[in-house]
Structure formats: structure tokens, C-alpha cells
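Using this note's numbering, you'd call the opening residue of the sequence shown number 713 and step up by one each time.
Beta carbons are placed, not taken as given, at the ideal position from N, Cα and C, and that holds for glycine.
Here the structure is a predicted model, which is why all the values come from computation and not from measurement.
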Amino acid sequence: MLHAVILIPFLLAVLIPLVKRIPRLHTGWAVLPVPAALFVYFLMKVSGIQAGENTVATVSWIPSLGMDITLVLDGLSLVFALLITGMGALVVLYSIYYLDKRMESIRNFYMYLLMFMGAMLGVVLSDNLMVLYGFWELTSITSFLLIAFWHRRERSRYGALKSMLITVFGGLAMFAGFNLLYVMSGTYSIREITVQAGQLSAEPMFLPAMLLILLGAFTKSAQFPFHIWLPDAMEAPTPVSAYLHSATMVKAGLYLVARLTPVFAGNLEWFWLVSLVGLVTLLYGSFKAIKQTDLKAMLAFSTVSQLGLIMCLLGLGSAAAFFSGTEESVFYSMATAAAVFHLINHAVFKGTLFMVVGIVDHETNTRDLRKLGGLMSLMPVTFSVALIGAFSMAGLPPFSGFLSKEMFFTAVMDIRELDIWSTQSWLVLFPVIAWIASVFTFVYSMILVFKTFTGKLQPEKLDKVPHEAPPGLLFSPVLLVSLAVFFAFFPDLLSSSLIEPAVASIQYGLLPPEMSLHVPIHFWHGWTPEIFMTLGVIAAGMLLYRGYGRLRILDREWSGRDSLNRMYDLGLRALEGGSARITNLYMTGSNRNYLLYIFGFFIIALGSTLLGAQGITLGMKDYAPISIYEVAVVAVMLVAAIAVPFAKSRVNAILFTGAVGYMVTLLFVIFRAPDLALTQMIVETVSVILFLLCFKYLPKLKQEKEKASFKWLNLILAAGVGLTMTLVALAAMGSSPFAPISEFFLNESYSLAGGKNVVNVILVDFRGFDTLFEIMVLGVASLGIYGLVNLRMEPGAIMQAKKTKPAAYWFPFRSNDVILRTMSKGIVLIILTFSLYLFFAGHNHPGGGFIGALMTSAGMILMAISLGIEPVRKFLPVNYRILTAVGLLIAILTAAGSFAFGAPFLSHSFGHFDLPLLGDTELATAVLFDLGVYLAVVGVTMNIIFTIGGDE
């Protein structure tokens, strides 16, 4: 079921563009049931997780590499899954009223949003590090699409690119760290790595792995100095900001740190890096937030600050590992509990405030604080929601933000008692910096709500008359902000059901096994230092709020060469300029130069490897006797090949090239390889026709006078390639340390795959992956040719093409020979019948889907040559691009069908059945895969032929 949970959003994302648009129905209503149903599913798992019943589901993927798609639902992943689906449902509902279905590309929006949701669920549920990394990068790609949703805005494109470059950079570093963990542990499973954590810390690659993984987490969760992408990402629509930047994407880095705490906790580097980076981010983000005049920019920096707070708490909680298995570990684990609690609270109040800002923008057409004010009387419900959300963010009672903020103060006060390597003097700074950052947090929370809703209304600065938002737009923020009140008065309900199981997952193996973790959360603990810190925050915050406009340091942006954004922009321009200069050095526009680079590297790389490798011997014995027929065929082949560069016309060069291919066909016949001979013959025929079709686009062949050095270089390169390939072939025959795999194919072809034709069995079964990727490449190539021929890039050509009717297809080699035109009808019928025989007989006799498809294509090409393309298109009105897609779909579905039977991808089955009229008949699923190959190859070939042959 867990695999289906991840798959469902992706499936709906695929279906959205395929379903016909219903004029009166907003697409969001069709999307809303998915996150809502998934949220209910995860909610039903709470009681089981609370009782310690984790859910594990595994699907075999690449067993030989230890890569299984194993999903784990425990306390930590459950918290994130509920945030992803619950916030997802509310954001979808909010977007229905926020995005105009007539003005916006809402299908694209929901498609990107669902893919992001599925990717986030994959991140938090995956146990395999490589699977987690795949979903991790998918979140970067889909978030790029969501941030750039209004792609016509330059700032939207800039913000989307910035976020992707920084997060993908961190993701690649994390990928390297994951692989270092694999090298040390021998597994990609997080659970298995956790078990080995004690032994891994002594490995020399342990610290580099830790640093690389933290780099990925810090970039994703916008920690200083990688936070610069988050403010620019605010160019996204408000529903995107409310979803990605309050509850999901920015929390992925926090999830990674929490998930790998059992592996890296107990190392001083982990404690200091996570704690200090979080603390600096908290202070920097809160200070920058009060300097913003744009409401979303203020929320962006406040998000940076709050993410730093949670990161700092995760670092402080890792101190429990220094006292693993003792009661003292429980003492420091309270910081981890505070992190989980604030993680939930942040999603609640920040999601609320993003939606409130969206409502203000929607109703006033501005987010500029200098133009806002006096909205309280016009938008009372929105003001009430904003007030509760802002007070919760500021950590004021009686809201849940106050409780988690008090737990944060407790954690920074308690950490002073940590006496590890004489660090107590430095740990005193934690409560001081935390208090200063909390003052700034209070100030920007007050600015956000009171500068927007109180004061004097400025209608002359607004583009429209503000009014209260419709109920549909208010429902989601009202429900969210209600949770800030509910969690405040019933915190133990949240503690026992979600926080305690999550802390047990994060602190796995660190807490005493005989003790059950209990996280008490109350409003009043007496006159504690935390209460006095809160009172001090309120007092200092009120003074600063009342006077912040008169303090110039808070009213002026930092500038200068040390600006991180300036450094990013300069670095990006330097990279672009440098890469352009380097590229211009070798991208000269000369095809000959490009071939020189390719073949020169080919000769040097392979030649040096052959000369430098040990144990390479050239196989020069045990050859079969050479017959006179082979000598004659090779002689003709050499003559034809030598004649190509001396041909005086392009037609002669094409014919000589074809002669070489047909001689290879004869060699296959002599070597008794009918499948290869048939394939080579048909491929050569189609290739010659393609060359002739392209002939009309080429200039007349002229014998140009070139320098002797030019010709000698060509000769040396050609001879070098030929000699290198000869040596490689001889080395492969004489130096292989393994027994030939051909013996396995010959012996097991029938018993394992039910086929006597070894070549076809290899193509559709043993090496089916190769065939699947080959037809995919062919499909992409044919679409590329279609696009190049039909897409005219001259100015105005596209608009002109829309105004004119498509030109009639033209074939340059239509025959006027009456005899050919008459006989071709019967010949084509014979060819098509023979191609079907090759397809059905291919599993046990020469043939198969690939050869049958080429034979079918050859028959249709003959028909086109004799009758012309237009009659053929009328007789067979087939869209060959769609036919290619259908073939690929059949092949992929057949390959994936094995999952339904618990078998790996592309596993086939066969059996004998007693059928009416046919009697005992062998049926194999490989035939379905071969059918996909057949349709794809026919579609590719005919798409290319008709595209080039029909172009005017």
C-alpha cells in the first residue's frame, strides 16, 4: 500500500492533461480528493505507530546492486507524511479560489503540484538512500516548475533557476555522501546503516560523508549561507509558497538531518555544525525579516529563521548520543521533541500566514507594506486569522507557538550543562543568541499583522477597493489557524500520538531501552528562566517595534561586495562567460573538426588502454578456415569502401556505401546467421533510401583541392580508427578471462525463455533492457527529425505556417513505370505477409519483431515509391508518431506487468496450452513485448521516411 501511496499522485498527474476539460469545473476539485484521502490513510496509521508497529513494504528493483524500493512508515515519516498530505489538501482547496481557471494554466499547476507531492512522500518514506536521492532531486525539478509557474515574469524564472541550482548542487554533494556511506557499510538501507553506526565512526571516510550530506540538507532547508534561493522563490504563486515553503520542500533537509541522527550523532562535528549553522540562520533570518517591505519577502526570511531554529534544536538533541543508553540522554532528547513540535507548529502558523498574505494580495493587488494599512475593518476575518498566526509565530500565549518556543528556550538553557571537551564556555552563547533572535521574531510578527491591518487606510495607493475574501479562500487558513489554538490547549494529544513516536525514531538506539519516552507539554511550569526570557522578549520587542522606523540600521539593506546574492550573480555570470569562451574554442561549426575530436579521443583512449593494460593478448589462433567465398565477398567490400571517397557524385557514393552493407549481408549468409542477414539487408535498403531522400537537400559534390596535410590527417585518423578497432576485436578474442556467455544463451534459451531462436530470445528476454532503451532512442530520434523538418525557425515562419494549409506530401522518387506500379501491389502484399510470418515465428525460427517491422517498413516504402506518399497516406491513415508511442507503451507495460506477480522488471513467462483448432500451442509474454518493438520500429521508420520524403 505504501508504494501505491507514492504512485497515486504521479498517476493523477499523468491523467490530468489527458482528461477533457469540463468548462464549469475547476480542475482543483478533481485533484482535492487525492491528498485528502492520503491524509486520512496516514491518520489511520497513527494508533499503530503509537503502539510501535512500524510499516515496512519492499519491491525488488535492482537486487544485484542491493537497490530495493523499500518504504518505511515510522514515527518520523508519519509526521512528515501528514504534513505533506494535510497541507496539500488545504493548499489545493485554497488554490481553487486563488487561481482563475480562465486566466491560468491550472492543469500544468496541478500536474506539477501532484508530482511534487509524490516526490516528497518518496523522500520521507524511502529506506534506500539511492531511491531517496532520486525523489530528492525530483522535488528540486518539480519545485523549479512550480516557482516558474508564471514563467513570463523574469523574476520568476530567475528565482526558479536559483533555487534549482543551489538545491541540485547540494543534492549532488549529498549523493556523493550517500555513496561514501555505501562504501563503508556495504548497504544503501538506512536501517542497516543505523545498526552499523558504532563501527562506521572510525572509518576515514565518515567525516567527508557527514559533511557532504549536511551540505545537501543545508541547501535544501535554506540554511545560512545557502538561504539566498528562498526569498527569490517567493515569485511563485501564493499556494506554492504556502505548500513548499512552510511544510514540505524546505523541511526535506530537516528530515534528512533527523533521519540520519542515529548514524552521525555522537560526533562533535555533527553537534557543532548542525547546532551552530541553525543558530546563525535563526539570528540572520530574523534580523533580515524586519527589514523587508514586501510581505512575502518578510515571510521568506522568517521561514529561514524558523528553519534555523528547528535545525539548531536537532543539533542540540544529538547531544543525547554522548550519553547513549543513560537517563541523561532523555534529558537532551527533549530538544529533539521541541524540534518536532515546532516543525508541526511552523507548518500551521506559516501556512496560515502565507495564505493570509495571498488573500491581502488578491484583494488589494499589492504586498507592499508602504501601501497597506487600515484593513482591519474591511477584512475582519482575515485580520483575526493573521493575528492568531502572527502571535503563534512570535511565541505568545495562548497559542501552540508559545509552547514550542518555551521548549526551545529550555533546550538552549539545558545545553549549558553539557561538559564535553570543555565546551561549556561557548555553550553559554546559545541562550543569548536565541533570545536576541526571538526579539527580532517578535518584531517582524508585529510588523506583519499591525502594519498591514491597523493604522490609516491608503486607498489612493491601491489599485482596487479592498474587501473581505470569499469563504472558499478563507476556509483553509481558518482551519489551519484553529489548529494553533487546538494544539495549545490539548498538547498532550499531539505529544503522545506524533511527537513521542517521532523522537523515538530520531533517537533510535540512543535512549535507554527500559525507559519509555514521555514528552510533557504544559503552559505553566512556574516562574522559570524560560518565562522571564519570554517576558524580556515581549518588553524588548515592543520597544524595538515602536522605534524600529527611526533606527537607520534596521531600515537599510546591507550592500557591498560581501552580499551573498551579489556573489551568486557574479559567480553565475563568470561560469556562463567562462564556459562560453571555452566552448567557442572548439565549437567551430566544422563537422570535420568535431569528428577529429571524437575519433582522436577514441584512438588515444582505447589505444593507450590497450598498450598500458596488463594481461592483454591478441587472439591470433583457433580460427576456422577461410573459404574462397569469404575472400571474394571481403574483396568486393574493400573495393566498394575504397571507391567511396573517390566517387564523383553523391549518388555513386551512396551506392558504393550500400554495396559495403550488402556484402556484410552476404558474409552473414555464409556464416549461417539468417536473422542477422535479414536485419542487415533490410536496414541497408532503408538506409540507402534515406540517403537518397536526403540527397536533394545536399549541394552538388565538387572535387575541392585540399592541402596535402589535410588529406594526410584524414588518412591517419581513418587508419588509426580501423587499426584500433582491429586490435580491440583481437584483444577481446584473446584476453577474456571469462567463459563466453554465448554458451549460456545457447543452453538456456529454450528452458528459461521458451524460445529456440537464440537471437530473438536475447533481444526480448535476456537483453530486453537493451532493446527497450534502443526503441526509446529510435523514437526520440524520429521525433527529432520530424521537429527539425517541420519546425521552421525563420522570423514569422511559424505564424505563416498556421495561416496556410499543409503542403501536399512529395516524394522525389515516385516511379512512372507502369510495370513497377502494377507489380508492386502484389509484391507489397507478399512482403507484408512475410513480415507477419517473421513476427509470429521469430521466437523459435529466424525472425522477430524487429526484423518483421523492418520488412513491413520496406514493403510500405516500396508502395510509396511506386504509388507516391499521398495515396499511401490515404490508404493507411496512420499517425506514425502515435504508433511509435503505442509500441513503446506496450513494451513498457509488458515489462512492468511482472511486478503484479512479484517478479523483477522485464521478467517473462511461457507455457503450453491446448487451443481449439491449433492444438498444443506455446504462448509467451515475450511476444507482447515483441509486439511493442514491432509497432515502435514501424512507427519510427515510416515517420522518418514520410517526414523527409514528404517535405517540400
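Requested in this report: May I ask which residues mark the beginning and end of the beta strand (DSSP E) holding THR767?
Outcome: Stepping through the sequence shown from its first residue, residue 767 is reached at position 55. Membership of THR767 in the beta strand (DSSP E) is indicated by the continuous run 767-774.
Query raised in the report: Less than 8 Å separating the beta-carbons of ALA959 and MET799?
Result: Numbered from 1 along the sequence shown, position 247 holds the residue referred to as residue 959. Numbered from 1 along the sequence shown, position 87 holds the residue referred to as residue 799. At a Cβ-Cβ threshold of 8 Å, ALA959 and MET799 count as neighbours.
**Report entry** Residue of LEU1019, LEU1084, THR973 minimising C-alpha distance to ALA1032
**Finding:** Within the sequence shown, residue 1032 is the residue found at index 320, counting from 1. Among LEU1019, LEU1084, THR973, the Cα nearest to that of ALA1032 is on THR973.
Query raised in the report: Near PHE1199, what residues of its chain come up, given a Cβ to Cβ distance below 6 Å and the 5 sequence neighbours on each side ignored?
Result: Indexing the sequence shown from 1 puts residue 1199 at position 487. Here the set comprises SER1112, LEU1206.
Query raised in the report: The alpha helix (DSSP H) with GLU1634 in it runs from where to where?
Result: Here the question's residue 1634 lines up with position 922 in the sequence shown. That residue, GLU1634, is in no alpha helix (DSSP H); its beta strand (DSSP E) goes 1631-1636.
Query - Expected contact under 8 Å - CB spacing of THR797 and PRO747 to nearest Å - result: Start at 1 with the first residue of the sequence shown, and residue 797 comes out as number 85. Start at 1 with the first residue of the sequence shown, and residue 747 comes out as number 35. 5 Å between Cβ atoms; contact.
**Report entry** Length of the line joining the Cα atoms of PHE828 and VAL804
**Finding:** The residue given as residue 828 occupies position 116 in the sequence shown. The residue given as residue 804 occupies position 92 in the sequence shown. Going from the Cα of PHE828 to the Cα of VAL804 covers about 13 Å.
Report task. With DSSP as the reference, label HIS1624 as helix, strand or coil. Result -> Reading the sequence shown from its first residue, position 912 is the one you call residue 1624. HIS1624 falls in the strand class under three-state DSSP.
Query raised in the report: Does the region 1647-1663 come within contact of the region 1586-1599, defined as at least 3 CB pairs closer than 8 Å?
Result: Pairwise C-beta distances place the region 1647-1663 in contact with the region 1586-1599, as three or more of them are shorter than 8 Å.
Report task. Mind the definition here: the region 1086-1106 touches the region 1062-1077 only if three or more C-beta pairs lie below 8 Å; say whether that holds. Result -> As far as the Cβ criterion goes, the region 1086-1106 touches the region 1062-1077, which means the pair count is three or higher.
**Report entry** Counted within 10 angstroms of its Cβ, other Cβ atoms place VAL731 as buried (16 or more) or exposed
**Finding:** Looking up residue 731 in the sequence shown gives position 19. With fewer than 16 Cβ atoms within 10 Å of its Cβ, VAL731 is classed as exposed.
Requested in this report: Look up SER1578 in the DSSP assignment and say whether it is helix, strand or coil.
Outcome: Position 866 of the sequence shown, counted from the start, is the residue given in the question as residue 1578. Helix at SER1578.
Report task. May I ask you to check if the CB of GLY1283 is nearer than 7 Å to at least one heavy atom of the ligand ZN? Result -> With respect to the ligand ZN, the structure offers nothing, as it holds no ligand at all.
Query - Residues that DSSP places opposite ASP1482 in a beta bridge - result: As a first step, residue 1482 is located in the sequence shown; it is residue number 770 there, counting from the start. Bridge partners of ASP1482: none, in fact.
Report task. State buried or exposed for GLN1326, treating a residue as buried only when at least 16 other CB atoms are found within 10 Å of its CB. Result -> Within the sequence shown, numbered from 1, the residue matching residue 1326 stands at position 614. In summary, GLN1326 is exposed, with fewer than 16 beta-carbon neighbours lying within 10 Å of its beta-carbon over all protein chains present.
Requested in this report: With a threshold of 16 other CB atoms inside 10 Å of the CB of GLN935, please say whether the residue is buried or exposed.
Outcome: The count along the sequence shown starts at 1 and reaches residue 935 at position 223. So GLN935 counts as buried.
Query raised in the report: Which residue from ILE853, LEU1229, ILE1487, VAL1645 puts its Cα closest to that of ALA763?
Result: Sequence index remark: in the sequence shown, residue 763 carries index 51 (1-based). Taking only the C-alpha atoms, the option nearest ALA763 is LEU1229.
Query raised in the report: How far does the alpha helix (DSSP H) with THR854 in it reach, from first residue to last?
Result: Position 142 of the sequence shown, counted from the first residue, corresponds to residue 854. In the DSSP assignment, THR854 falls within the alpha helix (DSSP H) that extends over 841-859.
Requested in this report: Could you tell me the distance, in whole angstroms, from the CA atom of THR1391 to the CA atom of TYR967?
Outcome: Along the sequence shown, one-based indexing puts residue 1391 at 679. Along the sequence shown, one-based indexing puts residue 967 at 255. So the alpha carbons of these two residues sit roughly 53 Å apart.
Query - Those runs of the alpha helix (DSSP H) which lie wholly inside the region 1108-1156 and span at least 4 residues - result: For the region 1108-1156, whole alpha helix (DSSP H) runs of length 4 or above, ordered along the chain, are 1112-1126, 1136-1139.
Report task. Determine which residues share a DSSP beta bridge with ASP780 and list them. Result -> Mapped onto the sequence shown, residue 780 falls at position 68. Bridge partners of ASP780: SER772.
Query raised in the report: DSSP three-state call for LEU1087: helix, strand or coil?
Result: Against the sequence shown, residue 1087 aligns to sequence position 375. The DSSP-derived three-state label of LEU1087 is coil.
Query - Own chain, CB closer than 7 Å to LEU1643, minus 5 neighbours either side, in chain order - result: Position 931 of the sequence shown, counted from the first residue, corresponds to residue 1643. Correct list, in chain order: GLY1561, ILE1602.
Query raised in the report: Counting along the chain, where does the alpha helix (DSSP H) carrying SER1302 start and finish?
Result: What you label residue 1302 is simply residue 590 of the sequence shown in a count that begins at 1. Counting along the chain, no alpha helix (DSSP H) covers SER1302, and no H or E run does either.
Query raised in the report: For ILE878, which option in SER852, ALA1359, SER838 has the closest C-alpha, if you only look at C-alpha atoms?
Result: As a position in the sequence shown, residue 878 is number 166, starting the count at 1. It is SER852.
Query raised in the report: Excluding the five sequence neighbours on either side, which residues of its own chain have a C-beta within less than 7 Å of the C-beta of ASN1655, listed in chain order?
Result: Counting from one through the sequence shown, the residue named residue 1655 turns up at place 943. So the qualifying residues of the chain are SER1494, TYR1498, TYR1592, ARG1593, THR1596.
Query raised in the report: So, LEU850 versus ALA831, is the Cβ gap smaller than 8 Å?
Result: For this step, residue 850 is matched to residue 138 along the sequence shown. For this step, residue 831 is matched to residue 119 along the sequence shown. When the beta-carbon positions are compared, LEU850 and ALA831 come within less than 8 Å of each other.
Query raised in the report: Which term fits ILE1657, buried or exposed, when burial requires 16 or more other beta carbons within 10 angstroms of its beta carbon?
Result: Against the sequence shown, residue 1657 aligns to sequence position 945. Counting the other Cβ atoms within 10 Å of the Cβ of ILE1657 gives 16 or more, which makes it buried.
**Report entry** Element boundaries [alpha helix (DSSP H), containing HIS939]
**Finding:** Here residue 939 refers to the residue found at position 227 when the sequence shown is read from its first residue. First-last for HIS939: undefined, no H or E at that position.
Query raised in the report: Between the beta-carbon of THR1397 and the beta-carbon of ALA1570, is there less than 8 Å?
Result: Stepping through the sequence shown from its first residue, residue 1397 is reached at position 685. Stepping through the sequence shown from its first residue, residue 1570 is reached at position 858. Yes, the pair counts as a contact, with Cβ atoms nearer than the cut-off.
Requested in this report: Tell whether a beta-carbon distance below 8 Å holds between PHE1403 and ILE1354.
Outcome: Counting from 1 along the sequence shown, the entry for residue 1403 is found at position 691. Counting from 1 along the sequence shown, the entry for residue 1354 is found at position 642. Going by C-beta atoms, PHE1403 is not nearer than 8 Å to ILE1354.
Report task. Indicate whether the contact test is met: 3 or more Cβ pairs, each with one atom in the region 886-893 and one in the region 917-937, closer than 8 Å. Result -> They touch, by the three-pair rule.
Query raised in the report: Since ALA1181 and ALA1123 are thought to touch, with beta carbons under 8 Å apart, how far apart are those beta carbons, to the nearest angstrom?
Result: On the sequence shown, position 469 is the one that residue 1181 refers to. On the sequence shown, position 411 is the one that residue 1123 refers to. Actually they do not touch by this definition, with Cβ atoms about 38 Å apart.
Requested in this report: Grab the span of the alpha helix (DSSP H) containing GLY1184 for me, first residue to last.
Outcome: Taking the sequence shown and counting its residues from 1, the one referred to as residue 1184 is at position 472. The continuous alpha helix (DSSP H) containing GLY1184 extends over residues 1183-1201.
**Report entry** Segment limits, alpha helix (DSSP H) that includes GLN1392
**Finding:** Position 680 of the sequence shown, counting from 1, holds the residue named residue 1392. Element bounds for GLN1392: 1386-1407.
Query raised in the report: LEU1055 to ILE1022, Cα distance in whole Å?
Result: On the sequence shown, residue 1055 is found 343 positions in, with the first residue counted as 1. On the sequence shown, residue 1022 is found 310 positions in, with the first residue counted as 1. Cα-Cα distance, rounded: 7 Å.
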